[in-house]
Every structure is written in structure tokens, then in C-alpha cells.
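The sequence shown begins at 5 in the numbering used here and counts up by one. Ideal placement from N, C-alpha and C gives every residue a C-beta, glycine not left out. In this text the structure is predicted, and so the values were computed from the model without any measurement. Beneath this line is the structure, given in C-alpha cells, with notes to follow.
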Amino acid sequence: MSQDGEVVSIYVAPQRAARMVEVRSVLAIAGQGLEGDRYAAGEGTFSGQSGTGREVTLIESEAIEALAREYDVRIDPAESRRNIVTRGLSLNHLVGQEFRVGEVTLRGTRLCEPCGHLETLTGPGVRGGLVHRGGLRADIVAGGVIRTGDVATLTRR
């Protein structure tokens, strides 16, 4: 995969464990999260825990495809519980890096490893199949609107 990719789909959930809803665009608010999402409202399952990277989560569509191909576990991208699904961008390499998604600047904070909660909401095999490719947690450095089809790229300095 290259350093450039695109936004395939965008999801938010209004409260913890609620079904993720696909949207065509979303307002990313620096220091808060995605408008309409549980974590921006402080209502996410892990909102009470300290740490960064709860403003937005991303996952590679390639990881979801590999889960099906390599583990025979099929999930809809919404079931990944990640906000933004990308294609063509190596997310693991963005830990500690600033990158842009459309007009928004994000900072990768840590990998978004799958947890037992995710497997409870989906099914057996999801957690094991997404280890080290469950996505990326990021903070919003400069807000704006993220749209399906936006380019996602490493910030070049």
C-alpha cells in the first residue's frame, strides 16, 4: 500500500453499542471527535478511560477483506466499529504521524487493536483475525468536513 488512499465509507454511532450508521460526510471537531458519534458525546464504551485516540478511528478495507479471506470471518465494514474505512493507506505506519483526510488533519496516536467488546458485538474470530490490523486511533488536530471519496495522505513537510 502507498502513502495515499481514499475514504471508502464513514460511520458514527449515537451511543455505546448502538449500530453504526453510514453517513456520506461528517464534521470532525478538533479535541472532541466526529459530530453525532458516541465518543464526541462522551458516551462511548471506553469514554471513561484516560488516553488519547478516541476522537476518530480508522480501518483499512483491505483488513476487512483479509479477515474474510484468511479466517473465513465476514463482517460488514460498519461492524468493525471504526469511523472511517480507507483503501490504499497503510494505517499502522501513521502512529505518531500527522496525516490529512480531505480537509481535516489527524494525528495517529496508537493502533486500534480489536477487543472482546468488538467480538461480542460481531462474532467469534473477529478479534483474532484483526490483531495488528484492527485500525488506527487518531486525534483531530484541525477540524473540518470528511467526505466519502476524500483523499487520505501523509502530511508532507
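Asked	Found
How is residue 124 classed by DSSP in three states: helix, strand or coil?	helix
Is it the case that the Cβ atoms of residue 15 and residue 67 are separated by a distance below 8 Å?	no
Just curious, the beta strand (DSSP E) that residue 79 is in, first and last residue?	Here residue 79 belongs to no beta strand (DSSP E), and DSSP marks it neither H nor E.
Residues in its own chain within less than 8 Å of residue 12 by CB, not counting five upstream and five downstream?	65, 81, 89, 90, 91 and 152
If residue 156 and residue 103 are in contact, beta carbons under 8 Å, what's the gap, nearest whole angstrom?	7 Å
Alpha carbon to alpha carbon, how far is residue 144 from residue 17? Give it in angstroms, no decimals.	18 Å
Just to confirm before moving on: does the CB-CB distance between residue 33 and residue 26 stay below 8 Å?	no
Can you give the Cα-Cα distance for residue 136 and residue 117, rounded to whole angstroms?	6 Å
Assign residue 95 to one of three DSSP states: helix, strand, or coil.	helix
Measure the CB-CB distance between residue 29 and residue 149 and report whether it falls below 8 Å.	yes
What's the call for residue 138, buried or exposed, on a 16-neighbour Cβ count within 10 Å?	buried
Would you report the Cα separation of residue 158 and residue 140, rounded to the nearest angstrom?	14 Å
Beta strand (DSSP E) containing residue 62: first to last residue?	60-64
With distances taken Cα to Cα, identify the nearest neighbour of residue 100 among 115, 124, 126 and 132.	115
I think residue 60 touches residue 37, with their Cβ atoms under 8 Å apart; what is that distance to the nearest whole Å?	6 Å
How far does the alpha helix (DSSP H) with residue 131 in it reach, from first residue to last?	130-133
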